[in-house]
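Step one of this worksheet: look at the structure below.
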Amino acid sequence: METRSLENTVIAITGASSGIGRETARALVAASAKVAVTARRQDRLDELVSELGDENVVAVAGDIRDSATSQSLVEAAISKFGRLDSLVAAAGVGLYGSVMDGSDEELSDMVTANFLGTVWSVRAAVPKLREHGGDIVVVASVAGLRGGANEAVYAGTKAAQVVFAGAVDRELRTEGIRVTTMCPAAVSTEFALGRGRTAGDPQLDEYMRPEDIAAAIVFTLQQPRRLRTTQWAMWSSAQGS
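With the working numbering as the guide, the letters of the sequence shown map in order to residues 3 to 243.
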């Protein structure tokens, strides 16, 4: 199968200060794309711009729970690079525990970040993607496909992402916009550390790496326009499914 070149394409990425979002930015710039990135931590974004070069990256600090952040991200991409070709919605937070664990505020923040943050970023990107077609990649989780003990609310937010992305794909497919949901199982990142995961846990060494998911995202964006991958679930070989 031939692949499409990503040279000089412009991709917006949420959640780019760490984990999958950060590795996706690195992988896309390595594939000659330009990226517009957002996350809450300005210092992490500054490090990423310094590493990848300000000719390849524009960064906007903000909270994905605020719809204005997504609008600012798209505006920054257009201002810096003149267009927007794709969106990777990778921002999210985790909180593991029983359905009775976590404060009301913590659970509300997770629902807003994981689901509404995805909605806001898609709504901001679609008007620009409609101009010439493009891709939306939503980073969800296998938790959104099957649930699991001690992750009920988190799994609910991921299921909402999965259903939302599938509906948007059906809605926008005829306009040349493909929507893919990435559903990885456990990935070794700082995700949920102190909120159900413990730093230094040997089990983290058995999980997938964020660069594994980033490579899958790049491959998806490189697929010829005649096909679309609507959902991709992936597991570590050491982790039961």
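All C-beta atoms in this analysis are idealised placements derived from N, C-alpha and C, irrespective of residue type, glycine included.
By the Cβ neighbour-count rule, P226 is exposed, with fewer than 16 other Cβ atoms within 10 Å of its own. A Cβ-Cβ separation of about 18 Å leaves A188 out of contact with Q233 under the 8 Å criterion.
Annotation for A29: E213, A216, A217, I219 and V220 place their beta carbon closer than 8 Å to its own, counting only its chain and skipping 5 residues before and after. Secondary structure of W122 (DSSP, three-state): helix. Within the same chain, and ignoring the five residues on either side of A35 in sequence, the residues whose Cβ sits closer than 6 Å to its Cβ are L8, T11 and I13. In this chain, the alpha helix (DSSP H) harbouring A145 covers A145 to R148.
For G119, the number of other beta carbons within 10 angstroms of its own is at least 16, and it is reported as buried.
Taking the Cβ atoms as the reference, G146 lies roughly 4 Å from V164, within the contact range of under 8 Å.
Within the segment 74 to 140, the complete alpha helix (DSSP H) segments of 4 residues or longer fall at 106 to 113 and 119 to 131, listed in chain order. For I66, no alpha helix (DSSP H) encloses it, and the DSSP letter there is neither H nor E. Put simply, the segment 130 to 146 touches the segment 85 to 94. At least three CB pairs are less than 8 Å apart.
Under DSSP, the beta-bridge partners assigned to P186 are M236. When Cβ pairs closer than 8 Å are counted between the two stretches, the segment 48 to 57 is seen not to touch the segment 99 to 113, the count staying below three. A direct Cα-to-Cα measurement between V181 and A169 gives close to 9 Å. Minimum Cα-Cα distance from Y156 among the listed residues V101, F83, R175 and P186 corresponds to V101. Residues of the same chain with a CB within less than 6 Å of the CB of W122, apart from the 5 flanking positions on each side, are S69 and S72 in chain order. Within the segment 10 to 64, the complete beta strand (DSSP E) runs of at least 3 residues fall at 12 to 16, 36 to 41 and 59 to 63. Take the alpha-carbon of A142 and the one of A161: they are about 8 Å apart. Taken through DSSP and simplified to helix, strand or coil, R175 comes out as helix.
Judged by DSSP secondary structure, A142 falls outside any alpha helix (DSSP H); it is assigned neither H nor E. With contacts defined as CB atoms closer than 7 Å, V113 and T159 qualify as a contacting pair. Around A235, the same chain offers V144, L147 and C185 as residues with beta carbons nearer than 7 Å, after the five sequence neighbours per side are excluded. Counting along the chain, P212 sits inside the alpha helix (DSSP H) bounded by residues P212 to Q224.
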